[in-house]
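Here's the structure, in structure tokens; my notes come after.
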Amino acid sequence: MKQQILALGLVTGAVLFTVESAFAQSRKCAPRTTIVERLAETYGETRQSIGLATNNTVVEVFASADSGTWTITVTNPQGVTCLVAAGRSFETLNEAPTPASLGEPT
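Take the sequence shown: its letters are residues -24 to -1, 1 to 82, numbered as in mature numbering (1 follows the signal peptide of the UniProt record, and there is no 0).
Written out as structure tokens, the structure reads:
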């Protein structure tokens, strides 16, 4: 599941940074320390996974095992972090990876 979420984050991050600058200005962004502190204090979320995306951007997944909330962020090389997606019902899975060509298990 972590790999799937990270893959989603990487794809989302790549798409996110290719949109027009007007859209980029409307996203919820702040210095990374501000975002990380707010996720921890408000939602009890901690970093669950991390990956490097295009343009040296860092994609991170934060989540809380207690509340089940999760957030995907993208941080640019200047240290500005933007919220990409958030939701509920986060679960950590220990599944063996399967090739994408096999699709979902039956």
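Positions of the beta carbon are idealized from the N, C-alpha and C atoms, including for glycine.
Item: Buried or exposed by the 16-neighbour rule on C-beta atoms within 10 Å, applied to S40; Value: buried
Item: Chain-order list of residues whose beta-carbon lies under 7 Å from that of S43 (same chain, five-residue window excluded); Value: Y19, G20
Item: DSSP-derived helix/strand/coil call for R64; Value: coil
Item: Nearest-angstrom Cα separation, counted from R14 out to C5; Value: 12 Å
Item: Cβ neighbour criterion (16 or more within 10 Å) applied to T22; Value: exposed
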